[in-house]
Structure formats: structure tokens, C-alpha cells
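J.:
Residue numbers (the working numbering), protein chains in the order written: chain S, 8 to 666; chain F, 9 to 108.
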């Protein structure tokens, strides 16, 4: 009945690439390593396309087991619970599949150029392929447990790649931070899964969702689903960098720029959105959990955008922008517009991936510099990068007809139907987004070049830095890096058009069902209102761009004055509202101090070590004394026997007398 | 008739003499004699009880003890001679090769 799509090939191909490069890459040439990496990711992308083509001709959800043999693919089978190595393809996972393999493949191509001079070349591609394997497992899994494997696996790959230049202290600790913060989220996710197992005895998506729909409505059911929903959302907060667990993502920019593009913008961080969308059956029946999702998303979108205004590191701006855009996606999910969230996920993967790759190209051009204050005027040096990044900037700010316009507008429209508050905050965020994105664009590409010019080639290498190589004038990147930029620019240009007339929503309708089709109120059909809101959001985006133009191109002295005028507020924004310091004081310091003073010096040394040492000392003391009894002198033994007998006899006599 | 307790006291004295001799003497022959003294002290109590209770078992035991003592004397003296031949001494404290 269901066609055999050999879905297992899609994740296993990058895994094979990771294994080959990881095991043999050290001795292989760079060309060999890149061939293997590109071949296997490319093959995965092709196979995903084949699967998509065959899938759309059948148009049913497709479920199949790894290696196509249910008996081989059993994973956990105990009474009352089972989880299998099985994959599941429906419209939702198909979208994710194509985004992950497609954008992933492009970023692999780009990395060939970007990482060429790095001594860890083979290691980089091995990790990157490993990431693809886990991400595809996450996307294709047919049960929560296998999804969790992918979930943890992408966390591992993210850790390895953030700390790719592990000799740099900041990179190593950024990787650690990402891993630990994600653990907090995973903790919530796991507890949610345990609750599901207890209730339904399975983690299979279809069975769980069937079970959820069959539950009798009531207070108990709603409490359960709300708890599960909020716990899953905690997991999503960790992975997708939402308040309060977003702090790891900006630090994750320590990794190589293609990693930031692939993992920390286009794919991994959207796993949380995917998971929430996948669990829409649970969330739809738990209005409180859904509201929590919406509030967290809205707040994160606004909050991260405000931080983005004052950052000067080009990648940090993009990182906060990613957090903010993820907030939009959660806002969409929270108001029940899952398909709008997924749509934004897709367009975001295009334009944010492009922005990061473009930033990488810029960093490459100026020899490893990431501070935008030392850039400027680059549009004549790197015309292609400037052009493609311009398209991405227009896309993220929501100027029609670029991709971001369609998805962001869809989200704002859906948000308005739920509550005008979400819409208003979303609109303000759109304004801020437009401002800081054009600020980035103008600071980088307009004005005069403010960086250091080194005329001779061969100035100092920045050890383990982005694109550290001998350098002169800013120069355009090689073609292998530009081609992915151009393809992504094209996708950012037209990617939004798939949604015209609600066709994207229609495409996902089999997954999200009728829940979205029926609008909550009458305003949904108000065409005029929709167009008015659309015009407002475009106007706001243009306003933001205009403000950025005034501040950073026509009157570049103004920002300093404004910053000085704002004083404390500006400092707070510049220092990311001191949240890192707050977390350090609230959570990190107590844990470190407690571990040092109580657990290490107190429990470990004083209690455990001392008790063991004392016991050993005592035993040695006692045996030192006891040893004297065994002198080897026979007559002393005889003496002891005689003395003992005498005592026994005396005792017996005493007994006799006492009687 | 001599009361039983007299025999027992004498037996105890003999045994104690044997023990003390065993413990304090260094000459191996003296130690050997002390062992004989202990055995015979015990023998004395056996026969005394046998006579007192008109039971033969005690006397039979004495014969056994004497047989064992004779065998022991034979083996023991042979060992003493062998030791003396190799080590030229009868002092037990010098025969301590096996001691740590």
C-alpha cells in the first residue's frame, strides 16, 4: 500500500560520510574530504527530492521501518511499551526534510571554500555530516524517543562545532554553555515524555495523538495535557533559544560561521518549533500551554530584537535576530497558526542562512574581523556578497515580495486574530528588526572602510579565528562560496511565493487538520483589514530602514549622541540586559560555590575521603598491635594456651561455686 | 582410704609442673620430660576417677595414653637426635629456621 521510499537512506548517507571522514579524513587530501562530504550530503538531498516526488504522487502519510524490516528495527520492546527505529514522512516532515538537506547541502558547499585553510578541515566536515545525520533522524522519527535521539545528537554536534576551535578558551566555554543550557530544556522534554508514556504507554506519534484525541474532556485531561505541553515547551525553549534559555545561542557564535548558518540559524534551533508543531494535537487541547508558547514567543521576539540594536559584532546581531525570529515562530504556534510558524521556519532558513553565509563572506573578506565598526564601504569590494545580503536583509525585514514578507505577515495576521497585543508587539519587533538589520547592512557595506589596510600579504594569523589567512585589501570570496549565496538569495526572493493564496497552509492541512481552517472569529474573513495590516507592517519596516539610513549613513555622528543621552538604558542593552551576569549570580555561582565548599571540600574531602582514610588508619593500628601476638615463638603460644585454659578453668570453678 | 581430692590435687600439681617446665625450659629434652609429666599427671587423675567410680573406662584410657606417649617418645627422641646431629644444639630457641 504505502510505497517503499527507503527513507532510512536519507539520514544514513550523511552518517556514512561522517564515518568515512572521521576515520580516514586525517590522511586524505582536502579535495578527498570535501568530495566525500559533498557526495553524501548531496546524495541525501537528491534522495530527499526523490522521496518528495514519490510522496506527493501518493499523498498519504508514509511510515516505515529502518532497513524495512520490522524485526530488525525493533529497538525497545517491553511489556506495555515499545519504541522502534522507524521513520515517518508526512507533509510537515517533508518540508523540514527538504529545508535541512537543501540548505545543509548549500552550506556544505560554502564550507569547502570557507574552511579551506583550517587545519581541522576533515574534522569539520565529519562533524557537519554527523549533524546532518542527527537532524534528519530528528525530523524523520516516527516516535518521540527516536526524535529525542536526534534531538540530543544535534546538541552533541552543536557542542562539537561551537567548540571547533577548542584551543580558544571562549569557544570551549561557549560549547559547554550551549550543552548545559540545553540539558535544562531536555530535562523538561524528558519529563514530558515520561508523562506521555505513563498515560499512553507509547511514544509513537500516531498512537499518542490518537490517544490524546480519545481522552475524555475534563479537568484531569486538561491538566495532564497542559503539563505535558509546558514541559515540551521547556524542551523547545532550550533547543530553540527562547526566554529564559536563550543565553547559549549568542555565545554559540564562537563556532565557524557556516556552523552558525546551518545549526544556529537554519536548522537545529528550529527543531523546537518543529517539535511544538509536531505535537500540535497536544497543544490544541491545552489552551494554557498554547498561551504560554505564544507569550514566550512574543516576549522573546521583542526582547532579543532590542538587544540586537546595540551589538557591534556582526554575528552577534544575527544571533539575536535569530532568537527574535524564532520567537515569531513560537508566537505563530502559540496562536494556533502552526503552518504559518513552519512557513516562517522555512523562509527564515533561507534568508538567515544567507545572512550568516554573507556575514561569513564579509568576515572572510576583511581577514577575520567581526566588529562592524571596523568595516564599512565594503559594497565596492564585495559586490556579490553585498547584493545577496541586501536581498536577505529585505527578506527578513518583510519588504514585499521577498520571502520574509509573506511569512511574517501571515504570522502577524494570525496573531491579530487571537489578540491585538501579540500583533502590536510583533509589529514593534518588526520595526526594530528592520532597524537593526539595515543598521548592520549600512555599517558593513556603506560609508568608508574603517578597517586596517595591510598592503603586503602575510600579516599575522589570527590563531583559530574565522578565515584567518594572509590578507591584504578586502576581497570577494571565491565562487564556491558565492554560488550558495546566490542560490539562497534566489530562494529568499521567491521562497515566499509558495504561500500565495494559502497554498502552503493547504499543503500542510493534512497534518494540522481542520483545526486551523476554522477561524476563531469573524475577522479572519475580513479581507480589507488583512490588507490594511499588511500595509502597516510594510510601512513600519520601511520606517525602520529609513531610521537606520539616517543614523548610519547620512548622519553617522547621531548614534553616539543618542547613546550618550540614553545612558543607563543604552548600557543595559549593550550588555544584553546583564542577563548573563544575572544567571551567573543566581545559578552558576551558587552551584560552583556549593560544589566547591560543600560537595568538594565538605562532603568529598571531609566525609568520604576522611572516613575512608580513618578506617584504613584504624585497621592498620589495630593490626599493628594484633601482629605482636603472632610472634612465631612456640613457647609464647603455649603460654597463651595455658593462660587461656587457666581462665576457662577458673570460670568453670566459679560457675561450680556459684551453683 | 585416700580421698579422691588428694589424687586430683597431686594430678593438678604434676600437670602444672609440666606446663611450667614446658614454658620456661629451653633444653629440648627437659621440655620433652615436661610433656611426659603432663601426660602422667592426667593419667593419675584418670586412674583415680576409675578407682573412685569403679569404672574401667578410665584405666583403658590410661593405657591408650601410655601407648601414645611411648610412640611419641620414640618419634620425639628420634627427631631430637636428628636435630642435634645437624645443629649441634638442644636449645629450642636456636632451632628457629621456620620463624619469620
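For each residue, glycine too, the CB sits at the ideal point set by N, CA and C.
Just so you know, these numbers come straight off a predicted model, no measurement behind them.
Output yes if chain F places a C-beta closer than 8 Å to the C-beta of residue 679 of chain S; else output no.
T.: Limits of chain S in this structure are 8 at one end and 666 at the other, which puts residue 679 of chain S out of reach.
J.: Output the distance between the C-alpha atoms of residue 597 of chain S and residue 609 of chain S, rounded to the nearest integer angstrom.
T.: One-based indexing of the first chain puts residue 597 of chain S at position 590. One-based indexing of the first chain puts residue 609 of chain S at position 602. So the two alpha carbons sit approximately 15 Å from each other.
J.: Do you know how far the Cα of residue 642 of chain S is from the Cα of residue 90 of chain F?
T.: On the second chain, residue 90 of chain F is found 82 positions in, with the first residue counted as 1. On the first chain, residue 642 of chain S is found 635 positions in, with the first residue counted as 1. Cα to Cα, residue 90 of chain F sits roughly 21 Å from residue 642 of chain S.
J.: Check whether the Cβ atoms of residue 219 of chain S and residue 106 of chain S sit closer than 8 Å, and answer yes or no.
T.: Along the first chain, read from residue 1 onward, the residue named residue 219 of chain S stands at position 212. Along the first chain, read from residue 1 onward, the residue named residue 106 of chain S stands at position 99. No, they are not a contact pair.
J.: Does the segment 361-372 of chain S come within contact of the segment 406-419 of chain S, defined as at least 3 CB pairs closer than 8 Å?
T.: Flag = no, the segment 361-372 of chain S and the segment 406-419 of chain S do not touch.
J.: In the DSSP assignment, find the alpha helix (DSSP H) that holds residue 592 of chain S and state where it starts and stops.
T.: The residue labelled residue 592 of chain S in the question sits at position 585 within the first chain. That residue, residue 592 of chain S, is in no alpha helix (DSSP H); it is neither H nor E in DSSP.
J.: Which residues in the same chain as residue 302 of chain S place their Cβ atom closer than 6 Å to its Cβ, once the five residues preceding and following it in sequence are excluded?
T.: For the purposes of this step, residue 302 of chain S is identified with residue 295 of the first chain, where counting begins at 1. Cβ neighbours of residue 302 of chain S beyond the five flanking positions: none.
J.: Measure from the alpha carbon of residue 50 of chain F to the alpha carbon of each residue in F:76, F:75, F:22, F:40, then state which is nearest.
T.: For this step, residue 50 of chain F is matched to residue 42 along the second chain. Of F:76, F:75, F:22, F:40, the residue nearest in Cα terms is F:22.
J.: Does the segment 432-442 of chain S come close enough to the segment 347-355 of chain S that 3 or more CB-CB pairs lie under 8 Å?
T.: With the cut-off at 8 Å, the segment 347-355 of chain S and the segment 432-442 of chain S do not touch.
J.: Cβ closer than 7 Å: which chain F residues qualify as neighbours of residue 642 of chain S?
T.: Taking the first residue of the first chain as 1, we reach residue 642 of chain S at position 635. The contacting residues are 31.
J.: In chain order, what residues of the same chain lie with their CB nearer than 7 Å to the CB of residue 133 of chain S, ignoring the 5 residues before and after it?
T.: Numbered from 1 along the first chain, position 126 holds the residue referred to as residue 133 of chain S. Excluding positions up to five away in sequence, the list reads 25, 28, 29, 32.
J.: Among the residues of its own chain, which have a CB less than 7 Å from the CB of residue 511 of chain S, if the five just before and after it don't count?
T.: Along the first chain, read from residue 1 onward, the residue named residue 511 of chain S stands at position 504. Excluding sequence neighbours, residue 511 of chain S sits near 346, 350, 505.
J.: Here's the rule I'm using: 16 or more other beta-carbon atoms within 10 Å means buried, otherwise exposed. How should residue 13 of chain F be labelled?
T.: One-based indexing of the second chain puts residue 13 of chain F at position 5. So residue 13 of chain F ends up on the exposed side.
J.: Please compile the residues from chain S whose C-beta is within a distance smaller than 7 Å of the C-beta of residue 27 of chain F.
T.: Reading the second chain from its first residue, position 19 is the one you call residue 27 of chain F. Correct list: 649.
J.: Where residue 466 of chain S and residue 481 of chain S are concerned, what is the direct C-alpha to C-alpha distance, given to the nearest angstrom?
T.: In the first chain, residue 466 of chain S corresponds to position 459, counting from 1. In the first chain, residue 481 of chain S corresponds to position 474, counting from 1. The predicted model places residue 466 of chain S with a pLDDT of 39, which falls under 50 and marks its position as unreliable, so this point remains unresolved.
J.: Should residue 265 of chain S go down as buried or exposed, given a rule of 16 or more other Cβ atoms within 10 Å for buried?
T.: For the purposes of this step, residue 265 of chain S is taken as residue 258 along the first chain, with counting starting at 1. Result: buried.
J.: At a cut-off of 7 Å, is residue 75 of chain F close to the ligand HEM when judged by its beta-carbon and the heavy atoms of the ligand?
T.: By its list of ligands, the structure shown contains no ligand whatsoever, and the ligand HEM lies outside what it can speak to.
J.: Please report the residue range of the beta strand (DSSP E) in which residue 62 of chain F lies.
T.: Start at 1 with the first residue of the second chain, and residue 62 of chain F comes out as number 54. That residue, residue 62 of chain F, is in no beta strand (DSSP E); it is neither H nor E in DSSP.
J.: Throw me the rounded Cβ distance for the residue 161 of chain S and residue 104 of chain S pair, which I believe falls under 8 Å.
T.: For the purposes of this step, residue 161 of chain S is identified with residue 154 of the first chain, where counting begins at 1. For the purposes of this step, residue 104 of chain S is identified with residue 97 of the first chain, where counting begins at 1. In fact, because the Cβ distance is near 15 Å, the residues do not count as touching under 8 Å.
J.: Using the C-alpha atoms, what's the distance from residue 185 of chain S back to residue 331 of chain S?
T.: The residue labelled residue 331 of chain S in the question sits at position 324 within the first chain. The residue labelled residue 185 of chain S in the question sits at position 178 within the first chain. Roughly 18 Å between the two C-alpha positions.
J.: Go ahead and pull the three-state DSSP assignment for residue 11 of chain S.
T.: Along the first chain, read from residue 1 onward, the residue named residue 11 of chain S stands at position 4. It is coil, neither helix nor strand.
J.: I want to know whether the segment 224-240 of chain S touches the segment 201-213 of chain S - three or more CB-CB distances under 8 Å.
T.: Yes, the segment 224-240 of chain S is in contact with the segment 201-213 of chain S.
J.: Can you tell me the Cα-Cα spacing of residue 238 of chain S and residue 328 of chain S, whole angstroms?
T.: Residue 238 of chain S sits at position 231 when you count from the first residue of the first chain. Residue 328 of chain S sits at position 321 when you count from the first residue of the first chain. Going from the Cα of residue 238 of chain S to the Cα of residue 328 of chain S covers about 25 Å.
J.: When you compare only the Cα positions, how much space is there between residue 126 of chain S and residue 224 of chain S?
T.: Here residue 126 of chain S refers to the residue found at position 119 of the first chain. Here residue 224 of chain S refers to the residue found at position 217 of the first chain. Approximately 60 Å between the Cα atoms of the pair.
J.: Below 8 Å, can you find three or more Cβ-Cβ pairs linking the segment 35-51 of chain F to the segment 87-101 of chain F?
T.: Segments in contact, yes.
J.: On the DSSP bridge list, what partners appear for residue 89 of chain S?
T.: The count along the first chain starts at 1 and reaches residue 89 of chain S at position 82. Paired residues: S:84.
J.: Any beta carbon from chain F within less than 8 Å of residue 645 of chain S's own beta carbon?
T.: By 1-based counting over the first chain, the position of residue 645 of chain S is 638. Yes, contact with chain F.
J.: What does the Cβ neighbour count give for residue 636 of chain S, buried or exposed, with the cut at 16 atoms within 10 Å?
T.: If you number the first chain from 1, residue 636 of chain S lands on position 629. Residue 636 of chain S comes out exposed.
J.: In the structure shown, what three-state DSSP assignment does residue 564 of chain S receive?
T.: Indexing the first chain from 1 puts residue 564 of chain S at position 557. The answer is coil: DSSP assigns residue 564 of chain S none of H, G, I, E or B.
J.: Quick one: what does DSSP say residue 149 of chain S is sitting in, helix, strand or coil?
T.: Taking the first chain and counting its residues from 1, one reaches residue 149 of chain S at position 142. In the structure shown, residue 149 of chain S sits in coil (DSSP, three-state: anything other than H, G, I, E or B).
J.: Hey, quick one: how far does the alpha helix (DSSP H) through residue 98 of chain S stretch, first residue to last?
T.: Working through the first chain from its first residue, we reach residue 98 of chain S at position 91. Residue 98 of chain S -> alpha helix (DSSP H) spans 98-121.
J.: Residue 378 of chain S bridges to which residues according to DSSP?
T.: Mapped onto the first chain, residue 378 of chain S falls at position 371. Paired residues: S:320.
J.: State buried or exposed for residue 121 of chain S, treating a residue as buried only when at least 16 other CB atoms are found within 10 Å of its CB.
T.: Here residue 121 of chain S refers to the residue found at position 114 of the first chain. Buried is the call here.
J.: Evaluate residue 323 of chain S with the Cβ neighbour count: other Cβ atoms within 10 Å of its Cβ, from every protein chain shown; 16 or more gives buried, anything less gives exposed.
T.: Within the first chain, numbered from 1, the residue matching residue 323 of chain S stands at position 316. Answer is buried; the Cβ neighbour count reaches 16.
J.: Are residue 181 of chain S and residue 253 of chain S closer than 8 Å when you measure CB to CB?
T.: On the first chain, residue 181 of chain S is found 174 positions in, with the first residue counted as 1. On the first chain, residue 253 of chain S is found 246 positions in, with the first residue counted as 1. No.
J.: Just verifying my parser: in three-state terms, what is the DSSP assignment at residue 51 of chain F?
T.: Counting from 1 along the second chain, the entry for residue 51 of chain F is found at position 43. Reduced to three states, the DSSP call for residue 51 of chain F is helix.
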